[in-house]
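Peer 1:
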Amino acid sequence: MTVTASASETRPPVQRWLAVWAIALAAVLLVFLLQDSIPWAVNYPAGAIIPVADWVGALMVWIKSNLSWLTRSITAVLGVPLDFALNLLAKNFRIGHGAEAFTLPRLSWVGVCAVAFLAGHAAGGRKLSLLVGGCFVYIALFGQWTSAMLTLALISIAVPFCIVTGLFAGIWAWRKPWAERLIVSPALDLMQTIPTFAYLIPMLLLFGNSPVSAMIATAIFATPPMVRATMLGLSRVPLEIGEFSDMAGCTARQKLWRVLLPSARPALMVGVNQVIMLALNMVIIASMIGAGGLGYDVLLALRALKVGEAMEAGLAIVALAIALDRLSQAIAHKQAKGHVHQAVSPSLWRRYPTLTLAIAILAATTLLGLFVPAFASVPKAITFTTAPLWKAAVNWVTVNFFDFIEAFRVALILNVLNPLRAFCEGFPWLGAVFLLGLAGYQLSGLRLAALVAVLTAFCAITGLWEKTMATVYLCGISAFIACLIGIPIGLMAARSDRFEKIVTPIIDTLQVLPSFCFIIPVVMLFRVGDVTAMIATIAFAVVPAIRYTNHGIRQVPPALIEAGKVSGCTPRQTFFRVQLPLALPEIMLGVNQTILMALAMVIICAMVGTRDLGQEVFIALSKADPGRGIVAGLAIAFIGIVADRLFGAWTAKARARLG
Amino acid sequence: MSIRSHLSKLSMGAFALAAVSLAAPAARAAAPESNDPIKIALFDWTSVNLNAKILGGILEKLGYTVEYPTADYLSSLTTGLTNGDLDVGLEFWDTTAGEAMKASDATGQTERLGKLGPKAKEEWWFPEYMKEKCPGLPDWHALLDAKCAAAFSTAETAPKGRYLGGPVTWEGFDDERVEALKLPFTVIHAGTDAAMFAELDSAYQRKAPIMLWIYSPHWAPAKYKGEWVEFPEYTPECYNDPKWGVNPDAKYDCGKPHGEIWKYAWNGMKDKWPVAYKVAKAYTIDTDELNKMSGEVDLDGKTPEDVAAAWIAAHEADWKAWAQ
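These protein sequence lines are chains A and B, in that order. Our numbering puts the first residue of the first sequence at 129, with every later residue one more than the last. Our numbering puts the first residue of the second sequence at 866, with every later residue one more than the last.
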């Protein structure tokens, strides 16, 4: 309390801030009006652009020619387990060469489905067993088995890799605060905000066009939650537990591995769950650099305009995600309950009955597959497809509603989007650097101001200002609308359990279903351009707004609500005066996440013809220009970091005021 | 039981191998020179994947091990193909990959294997029903008429017509073309060709106006009835010399170039698998046949593997001659 009081004395009071902002805005307006005499303040002069892209490109060439031996050996080493998993689940083992090669079969699909049922049963009983097993049977019956197993194989190697790397990075950062502040934290921010497409070319050059590259790209994107979960989990272990282990005479190593990490297990399992979900988010992009699998099926189907087939492959990804998500959550839940120590039985069969049974089933069905083809691969006769239905539905909407949709689209473009776009693109870069810096200073102080100003200036001095502002415009308006839709839905979900039950599967699907699947049908209705991009972005970014709002309201302690009721609040008053203010920080966190999600869609949107940083990344990809791609990727990341920091500082202030 | 069955299968396999190597004629004993897999790139459209499966199928019949990694079209020329991550890529179009191929040639680590056979054609294209609203088509002069352009317009582009161009990464020069020929059209760039064909499909069902960039060989000209606009014939001078053509002050006052489709290989392939290299270099395919096979995959729902196997069976004499 004393800290905040003294801080506010040294800073100008609110009225003075108002005056400062008025002057600042006037100054920016002046710059804008005088742009004929000082054009350099509005559009960054082309002559002064710093060729960061060329430097990065030169660095890449150097790394490629001098460190290839290292990166290629990494590829070779990681390729061994990955190839094994790919062969085991999807491709069959080939021994020998040419037409006479002898093949050892992959695991039978019947066996894998049976194991899915078993795993579900072991982790969470009958209901989970039906869900997980059902998802696998669904994949098989819809004829997606081989592709789904390619994807599963990639995930099954990538996820443990991410978990181990994340765990060690997290422990290191937790032990050494300087490492956390200087290395790990900024690295995590960049890994989560730079779009994967931006570093695909370096990936291809260094690690080759192979599933291993795809796996490493997946790992870069999916590891950060594990690191964060490890740091959070370790720092939340009660002090007494650590002290007790010291008293019991643990060495530092024993204390970490035997005491602290097991105590942090619930948080770690949340990290594992997140790693799995993010890894599945990557399957489409991974398919572009040699992974194949479901992601490739989606891409190929869309190129041939097979909307239905793409949707089915996308839904298979969702089924896989739901199965793995529920399974890992159930395991986390079970372990959080703790173990009861039992006498360890000497025989393997007694100790791990389910595991032994699973192995036996796999072995038996796979052997059967040698003689009965129906066990080796899903027989065509029992698969079916809904693809024509999807296509028919899209066509029906196209034919019947296009004119209505077109009128809506044109009105939106002419009255809202185009003016806003012109405003953003004409905004003076110097003014933006100045205003954002000022906001940083007011919210937190000089350090934030400097960070924000430098990151904003980076976008200008690399010559990307106009594209940066085009990105800000599209993401900004999409995130705004996503919040307008998402927060009320979240509020409703928080007040009604039945509504929540309906909403949850929908938002789960929206999050995991590759945006590619629905972006093409949207093009058929809304044509290429900003409206389509906006709709796709909103569909993806609305998820955190709903989820965090729901969670925020629901976690308000019941005692406080009771207190409200006792003091005579009507239900309405309880909601607006008690629950909503208390949930505000959580809701704000949701808004923050919504902005980051909208930024993550920038690249996908470039596929339907937006003209922003996403397009820049695409051009770099097709020209195989690593420098250009990375610089554009950094600019996207910096927009995200600036928004995140300013929002974070604002929320922290609001929270301090609420007490 | 299990071990014994495997063992017996293994030994049968070994025996078969031995028998084949004994029985094989001298010419085939040379191939495979190396048992390392030959990697043929798959991209994200049908015809290239058909070609990959056909060439791969032939090489497998010759005793090679073949893998099919998925790759990105343009960047593979300067990444995978330069270092043997990919050994062969079968369709690089003059019309869309001209600059990328130049960059690839400059690395000296790839080799142009020659032409695939079919000619790439791409141009402005309109559905047949648009001829009623704009009777002068397909001659490009018809587009100069304001009424005709308006027939192709939407609310944002009116009174100008709307032309849906390819992604900015394709080398189309459509903005320049519109300027040079003074066409009353606005160029809208689609981000991917999937988006482009989604718009076409939507418009075609509603018989709505649309003018867009279509290329061949592709399934679209087979599925939708329409015609290419006839611009002044492309010549290299048109793209380099402003004086050429109807507009003496501007370049690009002509149609798009027709082009070849090229095969590329990693330049180590020649030494590592000489016979496979010879086959890849000799491999060509007929345009009509390729279009028909693409249609069988995209419209009739056959798998590329089956269609490729049918081609290989029908042309056995051809590819056996290539391997000699």
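Every residue gets a Cβ at the ideal spot worked out from N, C-alpha and C, and that includes glycine.
#1: Determine the DSSP secondary structure at residue 1184/B, reduced to helix, strand or coil.
#2: Could you tell me which residues DSSP puts in a beta bridge with residue 1271/B?
#3: How would you write the range of the alpha helix (DSSP H) that residue 977/B sits in, first residue to last?
#4: Would you list the one or two residues that DSSP bridges to residue 1128/B?
#5: Within this structure, are the beta carbons of residue 969/B and residue 942/B separated by less than 8 Å?
#6: Report the residue from 922/B, 1142/B, 1052/B whose alpha carbon sits nearest the alpha carbon of residue 976/B.
#7: Taking 7 Å as the limit between beta carbons, can you name the residues of its chain near residue 652/A, skipping five residues before and five after?
#8: With H, G and I counted as helix, E and B as strand and the rest as coil, what does DSSP make of residue 1021/B?
#9: Give me the Cα-Cα distance between residue 1131/B and residue 1072/B, rounded to the nearest whole angstrom.
#10: Could you pull out every unbroken alpha helix (DSSP H) segment of at least 4 residues lying fully inside the stretch 681 to 740 of chain A, listed in chain order?
#11: Would you say residue 887/B faces chain A, with C-beta separation under 8 Å as the test?
#12: Which residues share a DSSP beta bridge with residue 1090/B?
#13: Have a look at 1005/B, 1183/B, 1158/B and flag the residue whose alpha-carbon is nearest the alpha-carbon of residue 1171/B.
#14: Could you give the distance in angstroms between the alpha-carbon of residue 263/A and the alpha-carbon of residue 245/A?
#15: Could you check if residue 994/B is buried or exposed, using at least 16 other CB atoms within 10 Å of its CB as the buried criterion?
#16: Excluding the 5 residues flanking residue 886/B on each side, which residues of the same chain have their C-beta closer than 6 Å to its C-beta?
#17: When the Cα atoms are used, what is the spatial distance from residue 243/A to residue 486/A?
#18: Given a limit of 7 Å on CB to CB distance, which residues of the stretch 506 to 530 of chain A reach chain B?
#19: In chain order, which continuous runs of the alpha helix (DSSP H) of length 4 or greater are located wholly inside the stretch 536 to 612 of chain A?
#20: Are residue 308/A and residue 301/A close, meaning C-beta to C-beta below 8 Å?
#21: Verify the CB distance criterion: does residue 1052/B have a CB-CB separation below 8 Å to chain A?
#22: What runs of the beta strand (DSSP E), each 3 residues or longer, lie entirely inside the stretch 205 to 255 of chain A?
#23: Given that a residue counts as buried once 16 or more other Cβ atoms are within 10 Å of its Cβ, and exposed if not, what is residue 753/A?
#24: Here's the rule I'm using: 16 or more other beta-carbon atoms within 10 Å means buried, otherwise exposed. How should residue 890/B be labelled?
#25: Counting only Cβ pairs nearer than 9 Å, list the residues of chain B close to residue 738/A.
#26: Should residue 892/B be labelled buried (16 or more other beta-carbon atoms within 10 Å of its own) or exposed?
#27: Does residue 935/B come out as helix, strand or coil in the three-state DSSP assignment?
#28: Could you tell me whether any non-hydrogen atom of the ligand SAM is closer than 7 Å to the CB of residue 767/A?
#29: What distance in whole Å lies between the Cβ atoms of residue 346/A and residue 765/A, which are believed to be in contact at a cut-off of 8 Å?
#30: If the cut is a Cβ gap below 7 Å, which residues of chain A does residue 815/B touch?
#31: Quick check on residue 1067/B - is its C-beta less than 8 Å from some C-beta in chain A?
#32: Taking just the CA atoms, how far does residue 1178/B sit from residue 894/B?
#33: Is the beta carbon of residue 1005/B closer than 8 Å to that of residue 1093/B?
#34: At which residues does the alpha helix (DSSP H) containing residue 289/A begin and terminate?
#35: Give the residues of chain B in contact with residue 428/A, contact being defined as C-beta atoms less than 7 Å apart.
#36: Is it true that the CB of residue 713/A sits closer than 8 Å to the CB of residue 426/A?
Peer 2: In terms of the structure at hand:
#1: Helix, per DSSP.
#2: Residue 1271/B lies beyond the residue range present for chain B, which begins at 866 and ends at 1189; the question has no answer from this structure.
#3: Element bounds for residue 977/B: not the alpha helix (DSSP H) but the beta strand (DSSP E), 975 to 992.
#4: According to DSSP, residue 1128/B bridges with 979/B.
#5: Yes; because the gap between Cβ atoms is below 8 Å, this pair is in contact.
#6: Residue 1142/B is the option with its Cα nearest to residue 976/B.
#7: Excluding residues within five positions, the ones whose Cβ falls inside 7 Å are 522, 526.
#8: In the three-state scheme derived from DSSP, where H, G and I count as helix and E and B as strand, residue 1021/B is classed as coil.
#9: About 46 Å.
#10: With a minimum length of 4 residues, the continuous alpha helix (DSSP H) runs that stay inside the stretch 681 to 740 of chain A are 686 to 694, 708 to 728, 730 to 734.
#11: Caution applies to residue 887/B, whose pLDDT of 42 falls short of 50 and renders its modelled position unreliable; the model cannot decide the point.
#12: Beta-bridge pairing links residue 1090/B to no other residue.
#13: Taking each of 1005/B, 1183/B, 1158/B in turn and checking the Cα distance to residue 1171/B, the smallest one comes out for 1158/B.
#14: Straight-line Cα distance between these residues: approximately 10 Å.
#15: So residue 994/B ends up on the exposed side.
#16: At residue 886/B the pLDDT is 43, less than 50, meaning the model places this residue with poor confidence; the figure from the coordinates comes in the next sentence. Nothing listed; no residue qualifies.
#17: Residue 243/A and residue 486/A: Cα-Cα distance of roughly 5 Å.
#18: Under the 7 Å Cβ criterion, the stretch 506 to 530 of chain A contributes 523, 526, 527, 530.
#19: Complete alpha helix (DSSP H) runs here, min 4: 546 to 553, 557 to 571, 574 to 589.
#20: Contact flag set, yes.
#21: Judged by the 8 Å Cβ criterion, residue 1052/B is not in contact with chain A.
#22: Entirely contained in the stretch 205 to 255 of chain A, the beta strand (DSSP E) runs reaching 3 residues are, in chain order, 221 to 223, 230 to 232.
#23: With 16 or more other Cβ atoms inside 10 Å of its own Cβ, residue 753/A counts as buried.
#24: Low local confidence applies: a pLDDT of 42 at residue 890/B is under 50, so the model's placement there is unreliable, with the coordinate-based value given in what follows. Label assigned to residue 890/B: exposed.
#25: Chain-order list of chain B residues neighbouring residue 738/A: 1056, by C-beta distance under 9 Å.
#26: Interpretation of residue 892/B is limited by its pLDDT of 41, a score under 50 that renders its predicted location unreliable; no figure is taken from the coordinates.
#27: The answer is strand: DSSP assigns residue 935/B an E or B state.
#28: Ligands displayed in this structure: none; no statement on the ligand SAM is therefore possible.
#29: Their Cβ separation, rounded to whole angstroms, is 18 Å, which puts residue 765/A and residue 346/A out of contact at 8 Å.
#30: This structure cannot speak to residue 815/B, because chain B is shown only from 866 to 1189.
#31: Contact of residue 1067/B with chain A is assigned, a C-beta pair being separated by under 8 Å.
#32: Because residue 894/B sits at a pLDDT of 42, beneath the cut-off of 50, its placement in the model cannot be relied upon, and the point is left open.
#33: In this structure, residue 1093/B lies away from residue 1005/B, with their beta-carbon atoms at least 8 Å apart.
#34: Per DSSP, the continuous alpha helix (DSSP H) segment holding residue 289/A begins and ends at 273 to 303.
#35: Identification of chain B residues near residue 428/A by a Cβ-Cβ cut-off of 7 Å yields 909, ordered along the chain.
#36: No, these two residues do not count as a Cβ contact at 8 Å.
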